[in-house]
Amino acid sequence: MSNIITTIAKQTFKAAFSTKATMALIILLGLSLCMATYVGWQNYKSQQNQRLHYKELVRAQWLAKPDKHPHRMAHYGYLAFREKHELSFFDFGIESFAGVSIFLEAHKQNTVNFSEASFANGMLRFGEISVAMVLQLLVPLLIFFLGYNSISAERESGTLKILLCQNVSWKQLLWGKTIGIISVCLSIFLPLILLTILLWASLSNWQINPDSGLRLLLLILCYSVYFFIVSAITVLVSAYHQSSRAALTTLLACWIFFMVIMPRVTQAIGDKIHPSPSKIEFANAISADISKQGDSHNPDDTHYASIKDSLLKAYHVDDVKKLPFNYGGYIMAEGEKISSKIYSNHQRLLNANFEEQNRITMLSGFLNPYLSLKNISMALTASDFKTFVDFQNQAEAYRYQLAQKMNKLQIDKMSNISPGKTDKPLAISRSNWAQQPDFNYKFTRLGTVLKSEMLALTSLLCWLMAVVVMIQCTARWVKTIPNQN
Amino acid sequence: MNKSIYTLEFKLFFRNTSTWIGIIMLSFMGFAGLYFGKTFIKKQEQVIEKAASLQKQQTAQNISYFGKDIGLFFYHNKFSVANPPGTWAAFANGQRDVNPYLISVTMLGLEGQLYDTDLSNPLSLLLGKMDLSFVFIFLFPLVIIAFSYNLLSEQKESGIWPLLNAQIDNTFLIIWRKFLVRLIVIFLLAIVLMLVAAVYLKLPFDATFAVVLALILLYLTFWFAVSFVVISINKSSNFNASVLIAVWVLLCIVVPASLNLLLTKKYPVPEALQNVINQREGYHEKWDMDKSVTMIPFFKHYPELKKYPFPDAKTFSWYWYYGMQQMGDDAAVASRLLIEKKLASRQYFTEVVALFFPSIQMQLGVNVLAGTDLDSHLDFQQAIRKYHESVRLHFYPAIFTSAELKNTDIETYKLEKHTPQNVPAIWINLLSITTLTVILAGLGYFSLKRRI
C-alpha cells in the first residue's frame, strides 16, 4: 500500500523537475532565498554592530562623568538600545517598525525612537524581503503552481479513471501527490536550513546557545507543517475542481485573499474595535492620575504635606533641614515611586489594548494558516510585538532602578542644607557612577514564548488535523469522472 | 454593425461569473478601503482638536504651579504643533501611521524632542493600513490579469479560434475589441470609485483630482499593456496566468521589497543615534564647565541677546540653563545635517528606481499628492524647528530678565497648525508610466501581429 504512495510521490517529484517552467520557478525562488539569507545576515550584522557601538559609547560616557550631584546624573540618564536576536536575520518581523533606542531619565518615560520605518519612504510599505517572507509568501505560490493540476489534469486527460481502477485508492493518490509536492518543496528548503544553521552558528561565534537551537528546530518544524498544509490544500483543491484552470484560479484567489488582503483587514478591524489612545491622551491620563495621588510639583499637595509632617514628628525636629538625611532626595524617591507605578500601569493597559488589536489577527489564524505561522515565526525569532513590549518593560525597570539609585545616593550622601546662590554646587565622587550597571536586554526563554504563542500553535495544529482528515475522507465526496457538459 | 458587435462583446463579458466576482470584489474592497482610510484620518483630526484644548488647560495648570518662577514654567510648559491631514490623506494614508502628526515640545533642546514617536502598535504598522490607494495599486492589477489572461488562449482551447480566423480578415481586431471592453469596464469602475471617494471624502474636483485620476488610469493601462504582451506570446491560459501572476508578485512585492532592503543597506542612518548622543553630551557636559564655555558661543549665536546682563556670580541661573540647552542643539547640527543628507539620498534613489517600476511610482505619486510621504513629514519637522526657534526667541528676554510670567503673552499661545507650502509636481511619475505603457503596448502589438 505504502508502495503505491511512494511511487506516486516519486513520479510527482520527477514530473515537477522535468517541466521547464517549474524549474525556472524553483531556481528563481532558490536565488531569492539565497539573496534574502545573505542580505538578512548583512543587515543583522550592520544593525547589531551599530547598536553595540553606541551602547559601549554610552557606557563609557556614563563612567567618564566627573564628580557631581547625583540628581544631575539621574537627568543625564542612560540611552538603552534594543538588541537584535541572532535569529532575527531569518524573520525581520516588526524590527523595522519598532524603535531602536530609548532615552531613560528621571521623572520621565520616553518612547522608543528611531525605527527604520521613520526614515523610510513609501517603498517599505511593499514589505521587506527576508527568508521568512520568501518561505511564507512565495513558497506557497510555488506549491500552487506545482500542484494545481495534480489531480485535475489526470481527470481531464482521463487517466484518473484508469488509476483508480488499478487498485489505487483516492487516499493513496492524494497522499502520494501531497508527499511528492512537499518533497519538491523540501528539496529547496533543506539546503536552506543547513545554510541558516551555519550562518546562525557563525553569528553566535560557534557558541551554540541551547535556547536558540531549540527555537531554530521548532521554526523548521513549524515551516514544514505549514508547507504540508499548503501542499495538501493544493492537492485537495485540484481534486475538487473539474478543470485545472478553475483550480488554479481558486488557488490564486485564495493566495491573494489570505496573504495580501486578510492581514491588513483583520488588523484594521482590530484597530477599529479596540481603539488605542493617542499620545497626548495617554500622557494626560497619567498626569491626571499623578495629581490625584500626590503631585510633588504642587507646593500645596496634601500627600507630600502629610509625609513632611510625619517625618518631622518621627525625628522630633521642626524643620526639614534638621532631618538626618537629605529631604529633597527622600521626596524625589517618593515621587518617582508614585509616578512610575502609575505610568507602568497605564503602559500595561496600553500594551494590553494593542494585544487586543493583535488578537483579532491571531484568532484569524484559525481561518488562515499563514497568519498563525507568521505569528509563530516572529515569536521564535524574537522579532514580535511581545519581545518589543518586553524590551520596553526591562528598559523601564532599569530606568526606575537608576533614578532610585541616584535618589538613594542623594539621601545618604548629600547635605541637607542647600548651598547659597553663589556657592559651589554639592557633589559626590564620580566613583559612585560605576555602581550603576550597564543596561543589557535579556531575551525571554523559549518556554515563555511558547506559552504566549499557544493560540497560534493550536490553530496551526488544527489546520494540520483538518487537512489530514480531509485527505482521509475526500473519497466520499469527490467525483472521479468529469461532468459531461 | 460595429456597434452591435460591441454590445455582443459586452454581453459575453458580463455573462461570465468571474467578471461579476471581480467587479464585486473590487467595489467591496474599494468601499472598505475608503471606510478604513477615512476612520484612520478622522481619529487623527479628533486628536488634534483635543490637543488644542489640552494645551490651553495644561498651560493654565502650569501657570498655577510654576507661575512664580518663569524659568521653571518654561521648563515644564509644552507647545504643540500639529500636522493636520490634507483632504487626500484619507485616500492614501501613506506614512501618516509611522510618523507622528502631533509633536509637543518644551523650550529645551529640540533635537532631544523632535524624534519622539507617537504611541503605535508595531504589528499594525507592519501589516499596513487599508485605504483606497491600496486597492488601486494592488488589487486592480490582479482583476485586470484575471479578466484578460485567457483572451486569446480561451478561443483556441475551446476550438473557436480557427472558425473565427476563417470568417474574419482582421483577427487582430477581435482581440482588440475584447481588450477594449475590459478596459472600458475597469476604467468605469475606477471612475465610479473615485466619484464615490470624492463624495465620501469631500474631495474637491480640482487639478489634484484630475492628476490623481490620470495617474490611476495610466497605471491601470500599464497593467493592461502587461497582460497584452503576455497574451501576444500566444501560449496556453495556464501559462499566461502563471506568467502574469509572477509579474504581479515581482512588481508589487519582490522588487520593491528587495530595493528597499538595498536602500537600507546602501544608506544606513547611524547618524540618528549619533545625533541623540551629540545633543545629550553637548548639553550635559556644560554643567561641569566654566560658564563662559556656554555663554561665549551662545552670544555668538545670538548677538542680539547680549544686551541682557548675565548673572555671572550665581551658581545657577535660568539664563545659563537655557544657554546650555541651546549648546546641545548646536552640538547636534552636524549630525542633523548628515541625517538630512542621507534621507535626501534615499529619496533620490527611490525616485530613480521608481522610473522603472510603475507600482512604486504610483505609491510614491499618490503619497506625494496626498501629502503623506516622508518629505511632507520632513517639512513638518522643519516647521517645528522654525516655530520652536520663534518661541525661544520670543520668551528668552523675559526669562533672562526674570520678568513676571503674567506680563508675557503666554496665554495667547495656541496649538500651531502646520500648512504645507509647496505644491507637489508629479509630471515625472506620469511621464514614466506613460513611456513604459507605450513601449509595452507597442511590443505586444508587434508580437501579436507576428504570431496570429
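Chains as they are written, first to last, in the working numbering: chain X, 721 to 1205; chain U, 83 to 534. Backbone N, C-alpha and C fix where the C-beta goes; we use that ideal spot for every residue, glycine too.
Using a Cβ cut-off of 9 Å (strictly closer), state whether glutamine 768(X) contacts chain U. Against the first sequence, residue 768(X) aligns to sequence position 48. Look at glutamine 768(X): its C-beta is not under 9 Å from any C-beta on chain U.
Partners in chain U for leucine 777(X), counting only beta-carbon separations shorter than 7 Å: As a position in the first sequence, residue 777(X) is number 57, starting the count at 1. Within chain U, the residues near leucine 777(X) are Ile359.
How would you list, in chain order, the residues of chain U whose beta-carbon sits under 8 Å from the beta-carbon of tyrosine 796(X)? In the first sequence, residue 796(X) corresponds to position 76, counting from 1. Chain U residues near tyrosine 796(X): Arg362 and His366.
So what's asparagine 833(X) in DSSP terms, helix, strand or just coil? Here residue 833(X) corresponds to residue number 113 of the first sequence, with the count starting at 1. Residue state for asparagine 833(X) is assigned as strand, using DSSP reduced to three classes.
If you draw a straight line from the alpha carbon of leucine 748(X) to that of leucine 941(X), how long is it in whole angstroms? Taking the first sequence and counting its residues from 1, the one referred to as residue 748(X) is at position 28. Taking the first sequence and counting its residues from 1, the one referred to as residue 941(X) is at position 221. C-alpha separation (whole angstroms): 24 Å.
Amino acids of chain U, ordered along the chain, whose beta-carbon sits closer than 7 Å to that of aspartate 992(X): Within the first sequence, the letter at position 272 stands for residue 992(X). First, the residue type needs correcting, since residue 992(X) is lysine and not aspartate in the sequence shown. Within 7 Å Cβ-Cβ: Thr121.
List the residues of chain X whose Cβ lies closer than 9 Å to the Cβ of aspartate 109(U), in chain order. The count along the second sequence starts at 1 and reaches residue 109(U) at position 27. According to the sequence provided, residue 109(U) is serine. The question's aspartate does not apply to it. Within chain X, no residue comes near serine 109(U); the closest Cβ sits about 14 Å away, beyond 9 Å.
Decide if phenylalanine 96(U) is buried, meaning its Cβ has at least 16 other Cβ atoms within 10 Å, or exposed. Translated into positions along the second sequence, residue 96(U) becomes position 14. It counts as exposed.
Rounded to whole angstroms, how far is the Cβ of glutamine 829(X) from the Cβ of glutamate 1116(X), which I believe are closer than 8 Å? The sequence position of residue 829(X) within the first sequence is 109, counting from 1. The sequence position of residue 1116(X) within the first sequence is 396, counting from 1. Their Cβ separation, rounded to whole angstroms, is 7 Å, which keeps glutamine 829(X) and glutamate 1116(X) in contact under 8 Å.
Check for me: the alpha helix (DSSP H) holding leucine 525(U) runs from which residue to which? Within the second sequence, the letter at position 443 stands for residue 525(U). From DSSP, the alpha helix (DSSP H) with leucine 525(U) extends over 509-533.
Looking only at its own chain, which residues have a Cβ that is under 7 Å from the Cβ of phenylalanine 528(U), when we skip the five neighbours before and after it? Taking the second sequence and counting its residues from 1, the one referred to as residue 528(U) is at position 446. Excluding five sequence positions before and after phenylalanine 528(U), none of the CB atoms of its chain fall closer than 7 Å to its own CB.
Does asparagine 489(U) pass the burial test, meaning 16 or more other C-beta atoms within 10 Å, or should it be called exposed? Translated into positions along the second sequence, residue 489(U) becomes position 407. Flag for asparagine 489(U) reads exposed.
Minimum Cβ-Cβ distance from glycine 842(X) to chain U less than 9 Å: On the first sequence, position 122 is the one that residue 842(X) refers to. At least one chain U Cβ lies under 9 Å of glycine 842(X).
If you draw a straight line from the C-alpha of phenylalanine 737(X) to the C-alpha of leucine 1177(X), how long is it? Your numbering for residue 737(X) matches position 17 in the first sequence. Your numbering for residue 1177(X) matches position 457 in the first sequence. When the Cα atoms are used, phenylalanine 737(X) and leucine 1177(X) turn out to be separated by approximately 33 Å.
Taking 7 Å as the limit between beta carbons, can you name the residues of its chain near aspartate 931(X), skipping five residues before and five after? Here residue 931(X) corresponds to residue number 211 of the first sequence, with the count starting at 1. Excluding residues within five positions, the ones whose Cβ falls inside 7 Å are Arg1165 and Leu1166.
Can you have a look at glutamate 367(U) and say buried or exposed, based on whether 16 or more other CB atoms are within 10 angstroms of its CB? Here residue 367(U) corresponds to residue number 285 of the second sequence, with the count starting at 1. The C-beta of glutamate 367(U) has 16 or more other C-beta atoms within 10 Å across all chains shown, which makes the residue buried.
So who's on the other strand from isoleucine 185(U), going by DSSP bridges? What you label residue 185(U) is simply residue 103 of the second sequence in a count that begins at 1. Note: isoleucine 185(U) is bridge-paired with Val163(U) in the DSSP secondary-structure output.
Ordered along the chain, which non-local residues of its own chain (more than five positions away) have a Cβ less than 7 Å from that of tyrosine 1063(X)? By one-based count along the first sequence, residue 1063(X) stands at place 343. Answer for tyrosine 1063(X): Gln829 and Ile1006, listed in chain order.
With three or more C-beta pairs closer than 8 Å as the rule, is the stretch 331-346 of chain U touching the stretch 429-447 of chain U? Touching, yes, given that three or more Cβ pairs across the two stretches are closer than 8 Å.
Bridge partners - alanine 800(X), DSSP secondary structure assignment: Locating residue 800(X) in the first sequence gives position 80, where the first residue counts as 1. BP columns for alanine 800(X) point to Ile822(X).
If we cut at 9 Å on Cβ distances, does leucine 184(U) have a partner in chain X? Locating residue 184(U) in the second sequence gives position 102, counting from the first residue. The C-beta of leucine 184(U) comes closer than 9 Å to at least one C-beta of chain X.
Our contact map puts isoleucine 1191(X) next to alanine 952(X) with C-beta atoms below 8 Å; I'd like the distance itself, whole angstroms only. For the purposes of this step, residue 1191(X) is taken as residue 471 along the first sequence, with counting starting at 1. For the purposes of this step, residue 952(X) is taken as residue 232 along the first sequence, with counting starting at 1. Confirmed, Cβ separation roughly 6 Å.
Should the stretch 1142-1162 of chain X be called in touch with the stretch 795-810 of chain X, which here means at least 3 C-beta pairs below 8 Å? Because the criterion of three Cβ pairs below 8 Å is met, the stretch 1142-1162 of chain X and the stretch 795-810 of chain X touch.
Can you tell me whether DSSP reads lysine 433(U) as helix, strand or coil? Locating residue 433(U) in the second sequence gives position 351, where the first residue counts as 1. In the sequence on display, residue 433(U) carries glutamate and not lysine. In the structure shown, glutamate 433(U) sits in a helix (DSSP, three-state: H, G or I).
Taking just the CA atoms, how far does asparagine 925(X) sit from serine 835(X)? Residue numbering aside, residue 835(X) sits at position 115 when the first sequence is read from its first letter. Residue numbering aside, residue 925(X) sits at position 205 when the first sequence is read from its first letter. Just so you know, the alpha carbons of serine 835(X) and asparagine 925(X) end up roughly 27 Å apart.
From Asn159(U), Lys317(U) and Asp411(U), pick the residue whose C-alpha is nearest to that of glutamate 363(U); which is it? Within the second sequence, the letter at position 281 stands for residue 363(U). Among Asn159(U), Lys317(U) and Asp411(U), the Cα nearest to that of glutamate 363(U) is on Asp411(U).
Proximity winner among Val129(U), Ile266(U) and Thr397(U), relative to glycine 1140(X) (alpha-carbon distances): Against the first sequence, residue 1140(X) aligns to sequence position 420. When only C-alpha atoms are compared, the closest one is Thr397(U).
Length-filtered (4 minimum) alpha helix (DSSP H) runs lying within the stretch 218-247 of chain U: Listed in chain order, the complete alpha helix (DSSP H) runs (minimum 4 residues) inside the stretch 218-247 of chain U are 222-230 and 235-239.
Cα-Cα separation between isoleucine 908(X) and isoleucine 327(U), rounded to whole angstroms: Walking along the first sequence from the start, residue 908(X) turns up at place 188. Walking along the second sequence from the start, residue 327(U) turns up at place 245. Straight-line Cα distance between these residues: approximately 21 Å.
Please report the straight-line C-alpha distance between glutamine 408(U) and glutamate 193(U), rounded to a whole angstrom. Numbered from 1 along the second sequence, position 326 holds the residue referred to as residue 408(U). Numbered from 1 along the second sequence, position 111 holds the residue referred to as residue 193(U). So the two alpha carbons sit approximately 10 Å from each other.
What span of residues does the alpha helix (DSSP H) with leucine 844(X) cover, start to end? As a working mapping, residue 844(X) is identified with position 124 in the first sequence. It is not in any alpha helix (DSSP H) - leucine 844(X) carries neither H nor E in the DSSP assignment.
Counting only C-beta atoms, is tryptophan 102(U) closer than 9 Å to chain X at any point? As a first step, residue 102(U) is located in the second sequence; it is residue number 20 there, counting from the start. No - not a single Cβ of chain X is within 9 Å of the one on tryptophan 102(U).
Beta carbon of serine 958(X), beta carbon of lysine 881(X): below 9 Å? As a working note, residue 958(X) is residue 238 in the first sequence. As a working note, residue 881(X) is residue 161 in the first sequence. Contact: no.
Closest to isoleucine 1137(X) by CA distance: which of Pro1044(X), Gly760(X) and Val1109(X) is it? The sequence position of residue 1137(X) within the first sequence is 417, counting from 1. Taking the Cα of isoleucine 1137(X) as reference, the smallest distance to any Cα among Pro1044(X), Gly760(X) and Val1109(X) is reached at Pro1044(X).
With a threshold of 9 Å between beta-carbons, can leucine 972(X) be considered close to chain U, or not? Indexing the first sequence from 1 puts residue 972(X) at position 252. It does; some Cβ of chain U falls within 9 Å.
For methionine 83(U) and chain X, any beta-carbon pair shorter than 9 Å? The residue labelled residue 83(U) in the question sits at position 1 within the second sequence. Unreliable positioning characterises methionine 83(U) in this predicted model, as indicated by a pLDDT of 49, which lies under 50. A coordinate reading is not provided.
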